[in-house]
Each structure stands twice: as C-alpha cells, then as structure tokens.
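Participant:
2 protein chains.
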Amino acid sequence: MSLLVTGSIGIDTVKTPFGVSKDCLGGSAIYFGMAASFFTHVRFLGAIGADCPFDLKKIFKNRHVDLTGLEVRKQSKTFRWAGSYQGAMNEATTDAVELNVLAEEPPKMPLAYKDSKFVFLANTTPNLQIQLLDQLNKPKFVAADTMNCWIKNHTADLKRLLKKIDCLILNEGEARMLADEHNLITAAAKIEKLGPTVVVIKKGESGSILIQSECNVARASSPCKHSQDGRATKLFVLPAYPATIVKDPTGAGDSFAGGFMGYLAGQNKTDFATLKMAAAYGTVVASFTISDFSLKGLTKITRRNIDSRLNELRKLVHF
Amino acid sequence: MSLLVTGSIGIDTVKTPFGVSKDCLGGSAIYFGMAASFFTHVRFLGAIGADCPFDLKKIFKNRHVDLTGLEVRKQSKTFRWAGSYQGAMNEATTDAVELNVLAEEPPKMPLAYKDSKFVFLANTTPNLQIQLLDQLNKPKFVAADTMNCWIKNHTADLKRLLKKIDCLILNEGEARMLADEHNLITAAAKIEKLGPTVVVIKKGESGSILIQSECNVARASSPCKHSQDGRATKLFVLPAYPATIVKDPTGAGDSFAGGFMGYLAGQNKTDFATLKMAAAYGTVVASFTISDFSLKGLTKITRRNIDSRLNELRKLVHF
Numbered sequence: 001m002s003l004l005v006t007g008s009i010g011i012d013t014v015k016t017p018f019g020v021s022k023d024c025l026g027g028s029a030i031y032f033g034m035a036a037s038f039f040t041h042v043r044f045l046g047a048i049g050a051d052c053p054f055d056l057k058k059i060f061k062n063r064h065v066d067l068t069g070l071e072v073r074k075q076s077k078t079f080r081w082a083g084s085y086q087g088a089m090n091e092a093t094t095d096a097v098e099l100n101v102l103a104e105e106p107p108k109m110p111l112a113y114k115d116s117k118f119v120f121l122a123n124t125t126p127n128l129q130i131q132l133l134d135q136l137n138k139p140k141f142v143a144a145d146t147m148n149c150w151i152k153n154h155t156a157d158l159k160r161l162l163k164k165i166d167c168l169i170l171n172e173g174e175a176r177m178l179a180d181e182h183n184l185i186t187a188a189a190k191i192e193k194l195g196p197t198v199v200v201i202k203k204g205e206s207g208s209i210l211i212q213s214e215c216n217v218a219r220a221s222s223p224c225k226h227s228q229d230g231r232a233t234k235l236f237v238l239p240a241y242p243a244t245i246v247k248d249p250t251g252a253g254d255s256f257a258g259g260f261m262g263y264l265a266g267q268n269k270t271d272f273a274t275l276k277m278a279a280a281y282g283t284v285v286a287s288f289t290i291s292d293f294s295l296k297g298l299t300k301i302t303r304r305n306i307d308s309r310l311n312e313l314r315k316l317v318h319f
Numbered sequence: 320m321s322l323l324v325t326g327s328i329g330i331d332t333v334k335t336p337f338g339v340s341k342d343c344l345g346g347s348a349i350y351f352g353m354a355a356s357f358f359t360h361v362r363f364l365g366a367i368g369a370d371c372p373f374d375l376k377k378i379f380k381n382r383h384v385d386l387t388g389l390e391v392r393k394q395s396k397t398f399r400w401a402g403s404y405q406g407a408m409n410e411a412t413t414d415a416v417e418l419n420v421l422a423e424e425p426p427k428m429p430l431a432y433k434d435s436k437f438v439f440l441a442n443t444t445p446n447l448q449i450q451l452l453d454q455l456n457k458p459k460f461v462a463a464d465t466m467n468c469w470i471k472n473h474t475a476d477l478k479r480l481l482k483k484i485d486c487l488i489l490n491e492g493e494a495r496m497l498a499d500e501h502n503l504i505t506a507a508a509k510i511e512k513l514g515p516t517v518v519v520i521k522k523g524e525s526g527s528i529l530i531q532s533e534c535n536v537a538r539a540s541s542p543c544k545h546s547q548d549g550r551a552t553k554l555f556v557l558p559a560y561p562a563t564i565v566k567d568p569t570g571a572g573d574s575f576a577g578g579f580m581g582y583l584a585g586q587n588k589t590d591f592a593t594l595k596m597a598a599a600y601g602t603v604v605a606s607f608t609i610s611d612f613s614l615k616g617l618t619k620i621t622r623r624n625i626d627s628r629l630n631e632l633r634k635l636v637h638f
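Sequence lines, in order, name chains H and Y. The working numbering numbers the first residue of the first sequence as 1 and each following residue consecutively. The working numbering numbers the first residue of the second sequence as 320 and each following residue consecutively.
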C-alpha cells in the first residue's frame, strides 16, 4: 500500500562532537521518505527553491519514491536549518533557521496522490496539516508529528487535527506538555482521549512507548463499547537499539516515523502485533540514521541490514 | 544460597508531589534486604542508634532476614536523610543529612556471615566497602553500588574496589562520570575493563542495561582468551516496568539491586540467562517500591505479585 509523506526538505548545517556537516540534505520528508522506502512505495510531497543544490531524483533513484509532488519554485529559496549537539547529544540547539519556501503556500496535492491510504504529516502548523489532510479522499491510517510551539501556541488547531488522525508520534517532552502530565504512560492515555487511537512516544536513546486503544471515539460515528470507562488499551515498551556509533542524531525521529509508517503501509495492517513490529523497525532504522551525518547512515544500508538488526534487537530484549 | 548485604539504615523524611512521609524507615540495606527477601535468605549487616524508633525484628518477621549483624549502639544516633522530589521525580534533592552512626566504625562482621557467597556492598566510601569485603572468606559473586562523590574524590580507592568485585550497579550519570564517556554502552564496556565482569546501569524510568564479559581480567590468575582485543561481551537492554502509580522513588535503586542479587543468590547462578532474569526481577521489584512511600509498596506484596508482573513485563517488550 503506498504511503504519502508531506514535510520539509532542508539544507542543513549540523555540528556535533564528531564533526561538522555543512549544507547537507535534511528535512523531515527527506529522512522519512528515505526510511520508509525500505518498506513500501512512497509518495513525496514537498517544495524547494531554485537554490537547492540536491538532485532528489538522483538521491531517491531506485528507491520507490514518487517525486510527482516535488515542487521546485524558481522564485523561492529552500528551507535552511543550522543546529548543534553537545555532550550526550540528546537535544539539538537551533543555531539558525530560514523558513523560506516553508513560509509560502503549501505544495499542491497531485491528483494521483488523493487516494493515498497511509499518510504521514510531518511537523508543521496543525492548521496546515489539516489543510493537507482535507485534500485526501479517504485515508486509512493517518499519523502526524507535532512540536512544542504548536502545542503551546496553536492548541485549538492541534486539537482539531487530533480528532482527524489515527496516530500521533511525538517525543517525551512534547507528550508531557500536551497531556500536562509527567508520567508518560498516563500522558499517552490522555493524548489518546483527544482523538488518535495510536500514540507513539519517542524517548531518544531510551526507546519508545506505543499505546493503541480499541476504537477512535472522536472519529467513530457511534461510541464503541470501550469508550465509557476508559478504552481497552494495549501497551508496548521498547528500548532503543543500543548504538555505540552515534555521530549525528538529526533525522532520528523522522526516520523512526518512516520505518514505522513504511512497515505498516507495506503490510497494509494496523493491528497491535503489526504496530509493535513497526515500532521496532522504526527504532532500528533510526539507529542507522544516527550512525553518520545527513543521509549517509541510511544510503549505505539495505533492507537486509535492517532485518538483521531487528533480529538482534529482539534478542537483546529477550529474557 | 544466602546473600549478605551491608548498607545503611535510615530515618527518612521524603516529600513528593503525592505527599510527605516524615521519619519513615529507609536506607539502602533496608530496601535491599526487603527486596531480596522475596528470593533468598538475607544476612543483614548494619548499625542504628538508640533513637531508632523501628523494630526491625518485627518489620522483617517471617521474611528470611537474619539480623545477627544488626548493631544497636546505645551512645549513637541513627542515620537521617531528608529529601524531596519534584515534577517527573527523576532525581532527589537532598534537603538534610545527618550521618550519625554511619560516620563511626562500620558494624562488625559476625563469624556466621564470613562464608557468605553472594554479597552486596551498598553505597558508602570505597575504602569501607573494601574493608567489609576483606573480612569475608571466599565470596562467589560480589556486587557494589557507588556514587558521584566517590567517583570524583575517592577515585584510587574505587579503582581498588573495582578489581575485587564481580559486578558494579550504578546509575547512568555515575556511569558516564566513571567512564568519562557519554554513550552508555561504551561506558559500560569501559567500566568492565576496570574489573567487574558484570556492569548494570540503571536509567530510572528508562530501564537498565546489563553487560557481562567472559572473564574477569583483573581477578583472574591468568588472562583468559578474550582478554586481549576486547573481551567477548554479552548485552541486555530492558525498559522499566511502565508504572503509572509512582508516589515515591526513594529506594528504587536499592530495591532493583535487592531483586537482582536476591534472584541470583536464590538460583546460585550467574550465567547470562540468569543475570537477565535477575535484572527483570530487579526492575519489577523496584516498580512496587515506587508505588508507595517508604516500604509500603514492598510490604503489601507477595512473590506471586512479583512473578505476575514479571510475566506482564515480558509480554510488554515482546514483538
């Protein structure tokens, strides 16, 4: 089943204790698309300016990524981000941002994308995420990412979005902020009540938590039998792959989402067992991303490397 | 196989967002002993002053805890600690400490304890840990805890201790400090080179990491075949039990160690499969400790509750 991603394409400059990567390819849709392409056919929606030095056709060649939705705007400049990481590299410090094309109209949804069944709305304003989603016919499973500034300053829009999606993928700080709750399990359950049946909380080097409830109260035409006294909820906890080579954490979250959604779309299933496998694949793909700068950790591997590391992860958590 | 614990007995006052527990029973040996007693016979070594309001005989009644090594010093006062937790309660702030009896001579090792095979040296000065250890005949598996001030200011003593023990159990901040290394897997491997064949890094709500190498170079009479180019190392990663009721994290680390060492001593084995089970039991016991103030989380459960939660944890990480 094909998977649509809408998100950013960036020219990144990243500093970590392991070096500097100047003007390299980045952006949420790029990391997501590359990660997801190991598992399924990806429909890519995004915009760049005339200044973009990267040939995305070449970069995604033979990777089952449909670039029909890539807009090159002659009068615009590409999104740029500069960031740095220190110490344990758990969090990026943003040194500079130029929104450029991201501050303009969103890219147009190609007609051929409108029947997309699996959809990932990478981090942007919730209002824009809703606009993009509303252009689709009847998606089967929609996931979105968000961040602290939308949680804080665009709360009403975000809550509208949450009623329209099936899955929210966010990091632990964002989850605590959105749910106004320190305990992450409780926070996930609280977020689920805002709409999505699946909540994935990413904890960086400490792994992830996934919960799935039986039905989506907000989207269901009539409340299901579990919707009264707390919905029946399934929980999965997974440590991160214990990577010893971590050069650049940029894109880890979007790669996780790409592996996660890519696997779901590839299987065309969203039952709990498939969601757990998807989270494990997301974890593994992200561990390759962080092993090198920009896309280098992902472009040098094959699906076979991913499957092999998945089996390793399964053994590492077994007791 | 019986298990010796040496550590503190304290009168604690703890404040958390869920309430205040004034002058309650605490201390590393207390939490450890209670946790370990679900799995094996515990030999308890510690000292209190005449002011101690707790009847330890009553508290440990029917719990297979030998109090021969409990010294009540008429002229002394009991160790006191006051601490508080805020927000996600990941770290305690120490509000007040009175070392009292802990600043005096250590308790005398009873003759009947000298043949102890499994030993836990709770956190105190490394020099004192060595003195206690040297009084034992021929222990089979010795584990110790330590903390930032000994790592920083008693480095030489700590390094002497590490050559004498089999297992170091410490938290992630301490591991990073001791190894001078941000990556925890690499840090664990570096610590292993200082002596212990087993290193357990506790990450609080984010679980734990366990590594075991094939041989103990420092203690072996002749280096084994793995000791040259990096020892063959086995790794286990485990998330914490996803507790939603967390009222007081005090004693979580010592309860983890108690469950871990208690299970090993109960099985009289230290192979990798047993170590992994032990870490899972430690995780589960700690999850009960933090569910209530002081010892209340542990005294209201049975081994059956622990086993049931262990099975739950196994299912939660399965994919």
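We put the beta carbon where it would ideally sit given N, CA and C, even for glycine.
Report, in whole angstroms, the separation of the C-beta atoms of Gly7 of chain H and Ala122 of chain H, which I expect to be a contact under 8 angstroms.
Facilitator: 3 angstroms between Cβ atoms; contact.
Participant: Which residue marks the beginning of the beta strand (DSSP E) containing Tyr85 of chain H, and which one marks its end?
Facilitator: Run containing Tyr85 of chain H: 79-85, per the beta strand (DSSP E) assignment.
Participant: Whether or not the stretch 282-290 of chain H and the stretch 56-63 of chain H are in contact is what I'm after, with contact meaning three or more pairs of Cβ atoms, one per stretch, closer than 8 angstroms; do they touch?
Facilitator: No, because fewer than three Cβ pairs between the stretch 56-63 of chain H and the stretch 282-290 of chain H fall closer than 8 angstroms, the two stretches do not touch.
Participant: Report yes if the CB atom of Leu489 of chain Y is closer than 8 angstroms to the CB atom of Leu594 of chain Y, and no otherwise.
Facilitator: No, Cβ-Cβ distance for Leu489 of chain Y and Leu594 of chain Y is not below 8 angstroms.
Participant: Check each candidate in Y:Asn587, Y:Lys588, Y:Thr563 and name the one with the smallest Cα separation from Thr608 of chain Y.
Facilitator: That would be Y:Thr563, whose Cα lies nearest to the Cα of Thr608 of chain Y.
Participant: When you compare each of Y:Ser606, Y:Val517, Y:Ala407 to Asp626 of chain Y by their alpha carbons, which one comes out closest?
Facilitator: Closest by alpha carbon: Y:Ser606.
Participant: Determine the direct distance from the alpha carbon of Phe398 of chain Y to that of Leu497 of chain Y, and round the result to whole angstroms.
Facilitator: Approximately 27 angstroms between the Cα atoms of the pair.
Participant: Quick check: the stretch 355-368 of chain Y against the stretch 462-477 of chain Y, are there 3 or more CB pairs under 8 angstroms?
Facilitator: Contact between the stretch 355-368 of chain Y and the stretch 462-477 of chain Y is absent, because fewer than three Cβ pairs lie under 8 angstroms.
Participant: Can you list, in chain order, the stretches of the alpha helix (DSSP H) that have 4 or more residues and sit fully within the stretch 421-501 of chain Y?
Facilitator: List check, alpha helix (DSSP H) in window: 445-453, 467-472, 474-481, 491-498.
Participant: Could you check the C-alpha separation between Ile504 of chain Y and Gly251 of chain H for me, to the nearest Å?
Facilitator: Roughly 22 angstroms separates the two Cα atoms.
Participant: What's the gap between the Cα of Leu557 of chain Y and the Cα of Glu71 of chain H?
Facilitator: Between Leu557 of chain Y and Glu71 of chain H, the C-alpha separation is close to 44 angstroms.
Participant: With 8 angstroms as the threshold, decide whether the Cβ of Ser38 of chain H is near any Cβ in chain Y.
Facilitator: Position check: residue 38 of chain H holds Phe in this sequence, whereas Ser was assumed. No, no contact with chain Y.
Participant: Taking Cβ positions, are Gly46 of chain H and Ile9 of chain H nearer each other than 8 angstroms?
Facilitator: Yes, they are a contact pair.
Participant: What's the gap between the Cα of Arg309 of chain H and the Cα of Tyr241 of chain H?
Facilitator: Those two C-alpha atoms are separated by around 9 angstroms.
Participant: Check the Cβ-Cβ distances between Pro242 of chain H and every residue of chain Y, and say whether any is below 8 angstroms.
Facilitator: It does: the Cβ of Pro242 of chain H has a partner Cβ on chain Y nearer than 8 angstroms.
Participant: Let's see if you can read the secondary structure: which residues bound the alpha helix (DSSP H) around Arg303 of chain H?
Facilitator: Run containing Arg303 of chain H: 303-316, per the alpha helix (DSSP H) assignment.
Participant: Beta carbons nearer than 8 angstroms to chain Y: which residues of the stretch 304-316 of chain H have them?
Facilitator: Under the 8 angstroms Cβ criterion, the stretch 304-316 of chain H contributes Arg314, Leu316.
Participant: Which partner residues does Glu417 of chain Y have in the DSSP bridge list?
Facilitator: In DSSP, Glu417 of chain Y forms a bridge with Y:Arg399.
Participant: Could you tell me whether the Cβ of Gly338 of chain Y comes closer than 8 angstroms to any Cβ of chain H?
Facilitator: No, because no Cβ of chain H sits closer than 8 angstroms to the Cβ of Gly338 of chain Y.
Participant: Taking just the CA atoms, how far does Ile151 of chain H sit from Ser206 of chain H?
Facilitator: The alpha-carbon atoms of Ser206 of chain H and Ile151 of chain H are separated by roughly 23 angstroms.
Participant: What are the boundary residues of the alpha helix (DSSP H) that Glu511 of chain Y is part of?
Facilitator: Glu511 of chain Y -> alpha helix (DSSP H) spans 503-511.
Participant: In angstroms with no decimal places, state the Cα-to-Cα distance between Ala189 of chain H and Leu3 of chain H.
Facilitator: Taking the straight line joining both Cα atoms gives about 27 angstroms.
Participant: Nearest CA to the CA of Arg303 of chain H: which residue from H:Gly259, H:Leu133, H:Thr93, H:Pro196?
Facilitator: Looking at the Cα atoms, H:Gly259 is the closest of the given residues.
Participant: Looking at the secondary structure, which residues open and close the alpha helix (DSSP H) in which Ala366 of chain Y lies?
Facilitator: No alpha helix (DSSP H) holds Ala366 of chain Y; the beta strand (DSSP E) holding it covers 361-368.
Participant: As a quick exercise: from H:Val65, H:Glu214, H:Glu104, H:Lys22, pick the residue whose alpha carbon is nearest that of Lys77 of chain H.
Facilitator: Answer by Cα proximity: H:Glu104.
Participant: Within 8 angstroms (strictly less), CB to CB, does Thr186 of chain H reach chain Y?
Facilitator: Output row for Thr186 of chain H: interface = yes.
Participant: Is Cys486 of chain Y buried or exposed, if buried means 16 or more other CB atoms sit within 10 Å of its CB?
Facilitator: The residue is buried, with at least 16 neighbouring Cβ atoms inside 10 Å.
Participant: Spatial neighbours of Gln228 of chain H within its chain, please: CB distance less than 8 angstroms, with the 5 preceding and 5 following residues excluded, ordered by chain position.
Facilitator: Bear in mind that a pLDDT of 44 at Gln228 of chain H, under 50, signals an unreliable position, so the number given afterwards is only what the model happens to contain. Excluding residues within five positions, none has a Cβ falling inside 8 angstroms.
Participant: Run through chain Y and tell me which residues come within less than 7 angstroms of Met277 of chain H, C-beta to C-beta.
Facilitator: Correct list: Phe638.
Participant: Could you tell me whether the stretch 455-462 of chain Y touches the stretch 368-377 of chain Y, where touching means 3 or more Cβ pairs closer than 8 angstroms?
Facilitator: These segments do not touch.
Participant: For Asn490 of chain Y, return the contacting residues in chain A, with the cut-off set at a CB-CB distance below 9 angstroms.
Facilitator: Protein chains H and Y are contained in the structure displayed, whereas chain A is not.
Participant: Skipping 5 residues on each side, what residues in its chain have a beta carbon closer than 7 angstroms to that of Met261 of chain H?
Facilitator: Correct list, in chain order: Leu3, Ala36, Phe118, Phe120, Ala143.
Participant: What are the boundary residues of the beta strand (DSSP E) that Leu323 of chain Y is part of?
Facilitator: Note, Leu323 of chain Y: beta strand (DSSP E), 322-325.
Participant: So is Leu178 of chain H in contact with chain Y if we call contact Cβ pairs under 8 angstroms?
Facilitator: No, its Cβ sits nowhere closer than 8 angstroms to a Cβ of chain Y.
Participant: Which one of H:Ala232, H:Met147, H:Leu161 has the shortest CA to CA distance from Leu133 of chain H?
Facilitator: Cα-wise, what sits closest to Leu133 of chain H is H:Leu161.
Participant: Please classify Asp55 of chain H as buried or exposed, where buried requires at least 16 neighbouring CB atoms within 10 angstroms.
Facilitator: So Asp55 of chain H ends up on the exposed side.
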